[in-house]
Amino acid sequence: MDCKGAMNKFVDFIDDKLSVADLEEFLDHMNNCEECREEFEIYYTVIMGMRMLEKNPHNTEINLSSEEKLQSAEKWLKSYKLRRIEKRVTFLLIIIYIILVW
Ligand SMILES: [Zn+2]
6 MDCKGAMNKF
16 VDFIDDKLSV
26 ADLEEFLDHM
36 NNCEECREEF
46 EIYYTVIMGM
56 RMLEKNPHNT
66 EINLSSEEKL
76 QSAEKWLKSY
86 KLRRIEKRVT
96 FLLIIIYIIL
106 VW
């Protein structure tokens, strides 16, 4: 993902609308690109400020800073991957169990 692609995803990222694949690419770029992180900070502050003024009751993450938002997304992605691995391992164990028992 290049800078333009990352910046196009700012709003979707803030709204948690990115697919897992997009989120992974997005975070990867954000981790390696200072320019986009700075841009995102401005974006995030403006959008969250606007939403706070509108008093949107669906917004529970108003108090997060842009940095915290990135970190929490990263944590989520890690736990998502872990859950996926766990599912595969469980599936494999079940198969092994069936083979052994039969
Ligand atoms: Zn960039």
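By our numbering, the letter at position 71 of the sequence shown is numbered 76, and the numbering carries on one by one without gaps.
Positions of the beta carbon are idealized from the N, C-alpha and C atoms, including for glycine.
Quiz: which residues have CB nearer than 6 Å to ligand 1 non-hydrogen atoms: The chain-ordered list of residues whose CB is nearer than 6 Å to some heavy atom of ligand 1 reads Cys8, Ala11, His34, Cys38, Glu40, Cys41.
Just how far apart, CA to CA, sit leucine 87 and phenylalanine 31? Residue 87 sits at position 82 when you count from the first residue of the sequence shown. Residue 31 sits at position 26 when you count from the first residue of the sequence shown. If I take the Cα positions, the gap works out to 19 Å.
Between Ser84, Lys92, Arg89, Met12, which lies nearest to histidine 34 when the distance is taken from Cα to Cα? Position 29 of the sequence shown, counted from the first residue, corresponds to residue 34. Nearest C-alpha to histidine 34 among Ser84, Lys92, Arg89, Met12: Met12.
Could you tell me the boundaries of the alpha helix (DSSP H) in which leucine 69 lies? Locating residue 69 in the sequence shown gives position 64, counting from the first residue. No alpha helix (DSSP H) holds leucine 69; DSSP gives it neither H nor E.
In whole angstroms, give me the CA-to-CA distance for leucine 112 and asparagine 36. The question about residue 112 has no answer here: the residues shown for the chain are numbered 6 through 107.
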